[in-house]
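Residue numbers (full-length UniProt numbering), protein chains in the order written: chain A, 1 to 279; chain H, 1 to 279.
Virtual Cβ for every residue (Gly too), placed ideally from N, Cα, C.
Since the structure is predicted, the reported quantities are computational estimates derived from the model, not experimental observations.
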């Protein structure tokens, strides 16, 4: 999916919501455990319930990997079930030397390898350019590079000062030589809304994937105020607050209510903070 | 496996060789493709041929992941086949927020999750302490943290100066608060032999996992001279040079010759560079 197509979806739905499919088999409603593939049954219901409210889905690969081979089967079925209209992100935080990153890229981008055909994968920057380039060799695909994360340990290294600038800023500036804003996004944690205006100046055109709204405590309003650009430029992720809105048989219904609430808030901010706004 | 047990193995075999199981289905000998599980058939033959020469095996997870669910089955069978006497490393370069890292830890450490029970997993440091701690909650397991890698992009961020010290040095010093040297190792690329003496001063007790000898151009002698401590303190990995020593039906025999050659060189260095040396 191109950045133009993504923006069209955002305008059509008045939403920049990404639903994180952090599907934990220990948390899904009990009645689904009788299904042949409970994780897929859960995801299918969540996708049916939320597709109208969101523009992207982001399976968190750890949750599938922890189920062994069956988890990868659930992941493949889930990805195939997501409508083509939605941007798909493998949240995998991969990154290794070139030939190994090449295999991770095959895993998530080449349907002939593991049956997966994501639009984007999240990548860790520590190993530098040749750990990222193999993903960019897939010309219709995206890399979403970790820049500033919202977890407590994010400060251990990401904010260390190099030439008076935090490390994450060097990640932003250096990586702009690797790809344009139509192939590269950045992960920026939502609890760092203060840093968002600053980041927006460094990468004015790029989409930012913002986790951490909701369960992790970030404010959607502040993120939208400080992070939006003239093509929206934001994908804001919510996972647990939607997936586990109810643990009963009404889980999908409650997930839809939650997703719709977020979408309506987003519609407001697309009108208020984007210029020209969407009415 | 404890560090004492690992050192006993090193002394018994006069070897600190780790064989990297970067098993590429596109590169394994043609005659194995008729097997039900060609990747496992290849690994089984490599393990049989090299177990006497090495103390550790390191499957590179990307190679298995790129095969989809079948790859995870091959990985599980391979891990089960490795003798208990050998240290096992999931080379996965994972790292995410706490609850997600917890699931990666389950994947590789908890046999009840994905059928895997590795001794160690490689972890990327960018997201800081809470991305690493979930792995350390498995009290008999190890984290092998990326410090200085040997790929060209390793210099993009790892050598940036923070308070006059390169970033990788901050990773080494900060992470020493997270675990002791009997639970934590570091990845240090072998093409950085000049940096090894320096790193050895910062982390005198820790094991260093050194990839990049052989195909990536590092010198085993220089690595051993600069990196060894009084408990050896090194695991030196070789992958392609052993796995693909021959592409014919004699691949295992040639792999053994190659592994034995490295082991004999290591026996020499254990005598020459360790104090007291192993005679």
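Could you give the distance in angstroms between the alpha-carbon of residue i and the alpha-carbon of residue j?
| i | j | result |
| --- | --- | --- |
| residue 77 of chain H | residue 74 of chain A | 21 Å |
| residue 138 of chain H | residue 109 of chain H | 7 Å |
| residue 226 of chain A | residue 82 of chain A | 30 Å |
| residue 12 of chain H | residue 120 of chain A | 47 Å |
| residue 178 of chain A | residue 155 of chain H | 15 Å |
| residue 211 of chain H | residue 131 of chain H | 23 Å |
| residue 3 of chain H | residue 204 of chain H | 14 Å |
| residue 159 of chain H | residue 168 of chain H | 6 Å |
| residue 88 of chain H | residue 21 of chain H | 11 Å |
| residue 70 of chain A | residue 39 of chain A | 10 Å |
| residue 256 of chain H | residue 53 of chain H | 8 Å |
| residue 111 of chain A | residue 28 of chain H | 22 Å |
| residue 272 of chain H | residue 261 of chain H | 17 Å |
| residue 34 of chain A | residue 34 of chain H | 37 Å |
| residue 259 of chain H | residue 136 of chain H | 32 Å |
| residue 276 of chain H | residue 268 of chain H | 13 Å |
| residue 175 of chain H | residue 124 of chain H | 12 Å |
| residue 25 of chain A | residue 134 of chain H | 19 Å |
| residue 47 of chain A | residue 197 of chain A | 32 Å |
| residue 229 of chain A | residue 200 of chain A | 8 Å |
Residues of chain H with CB closer than 7 Å to the CB of residue i, please, in chain order.
| i | result |
| --- | --- |
| residue 131 of chain A | 151 and 153 |
| residue 125 of chain A | 126 and 157 |
| residue 73 of chain A | 69 |
| residue 145 of chain A | None at all; the shortest Cβ gap to chain H is about 10 Å. |
| residue 81 of chain A | The premise fails here: residue 81 of chain A is roughly 17 Å from chain H at the closest Cβ pair, so nothing lies under 7 Å. |
| residue 227 of chain A | Per Cβ cutoff of 7 Å: no residues; residue 227 of chain A is ~19 Å from chain H at best. |
| residue 26 of chain A | By Cβ distance, chain H contributes nothing, its closest Cβ being about 10 Å from residue 26 of chain A, past 7 Å. |
| residue 95 of chain A | 93 and 124 |
| residue 136 of chain A | Those do not exist, as residue 136 of chain A stays about 13 Å from chain H at its closest Cβ, beyond 7 Å. |
When you compare the CB positions of residue i and residue j, do they come within less than 7 Å of one another, or not?
| i | j | result |
| --- | --- | --- |
| residue 146 of chain A | residue 189 of chain A | no |
| residue 128 of chain A | residue 153 of chain H | yes |
| residue 235 of chain A | residue 114 of chain A | no |
| residue 333 of chain H | residue 266 of chain H | As displayed, chain H neither begins before 1 nor continues past 279, which places residue 333 of chain H out of reach and without an answer. |
| residue 126 of chain H | residue 244 of chain A | no |
| residue 172 of chain H | residue 144 of chain H | no |
| residue 122 of chain A | residue 91 of chain A | yes |
| residue 72 of chain H | residue 102 of chain A | no |
| residue 49 of chain H | residue 193 of chain H | no |
| residue 186 of chain H | residue 206 of chain H | yes |
| residue 7 of chain H | residue 231 of chain H | yes |
| residue 191 of chain H | residue 150 of chain H | yes |
| residue 96 of chain A | residue 93 of chain H | yes |
| residue 213 of chain H | residue 195 of chain H | no |
| residue 246 of chain A | residue 254 of chain A | yes |
| residue 79 of chain H | residue 32 of chain H | no |
| residue 162 of chain A | residue 162 of chain H | yes |
| residue 220 of chain A | residue 14 of chain A | no |
Name the chain A residues whose beta carbon is nearer than 7 Å to that of residue i?
| i | result |
| --- | --- |
| residue 170 of chain H | 157 and 160 |
| residue 98 of chain H | 151 |
Which residues of chain A have a Cβ atom closer than 9 Å to the Cβ of residue i, listed in chain order?
| i | result |
| --- | --- |
| residue 67 of chain H | 107, 113 and 114 |
| residue 184 of chain H | Near residue 184 of chain H there are no residues of chain A at all, since even the closest Cβ is about 15 Å away, more than 9 Å. |
| residue 244 of chain H | Correct list: empty, because the minimum Cβ distance to chain A is about 12 Å. |
| residue 77 of chain H | Those within 9 Å of residue 77 of chain H in chain A number zero; the least Cβ separation is about 11 Å. |
Closer than 8 Å by beta-carbon distance: list the chain A residues that pair up with residue i, in chain order.
| i | result |
| --- | --- |
| residue 174 of chain H | 156 and 157 |
| residue 139 of chain H | By Cβ distance, chain A contributes nothing, its closest Cβ being about 19 Å from residue 139 of chain H, past 8 Å. |
| residue 167 of chain H | 157, 160, 162 and 167 |
Please list, in chain order, the chain H residues whose beta carbon lies closer than 8 Å to that of residue i.
| i | result |
| --- | --- |
| residue 20 of chain A | Under the 8 Å cutoff, chain H gives no residues; its nearest Cβ is about 10 Å from residue 20 of chain A. |
| residue 148 of chain A | Correct list: empty, because the minimum Cβ distance to chain H is about 10 Å. |
| residue 235 of chain A | Within 8 Å Cβ-Cβ: nothing; residue 235 of chain A doesn't reach chain H, min ~17 Å. |
| residue 104 of chain A | 62, 65 and 66 |
Does the CB of residue i have a neighbour CB from chain D at under 7 Å?
| i | result |
| --- | --- |
| residue 230 of chain H | In the structure shown, chain D does not exist; the protein chains are A and H. |
The ligand GTP and residue i: does the residue's C-beta get closer than 6 Å to at least one heavy atom of that ligand?
| i | result |
| --- | --- |
| residue 72 of chain A | Within the structure as shown, the ligand GTP is missing, as the structure has no ligands at all. |
Inspect the CB distances between the stretch 175-184 of chain A and the stretch 52-62 of chain A and report whether three or more fall short of 8 Å.
Below 8 Å, too few C-beta pairs join the stretch 175-184 of chain A and the stretch 52-62 of chain A to call them touching: fewer than three.
Short of 8 Å Cβ to Cβ, which residues in the stretch 31-64 of chain A face chain H?
The stretch 31-64 of chain A vs chain H, Cβ under 8 Å: 60, 62 and 63.
Using a Cβ-Cβ cut-off of less than 9 Å, give me the residues of the stretch 243-274 of chain H that come near chain A, in sequence order.
Listed in sequence order: no entries.
Give me the subset of the stretch 198-215 of chain H whose CB atoms are less than 9 Å from a CB atom of chain A, sorted by chain position.
Flagged, chain order: 211 and 212.
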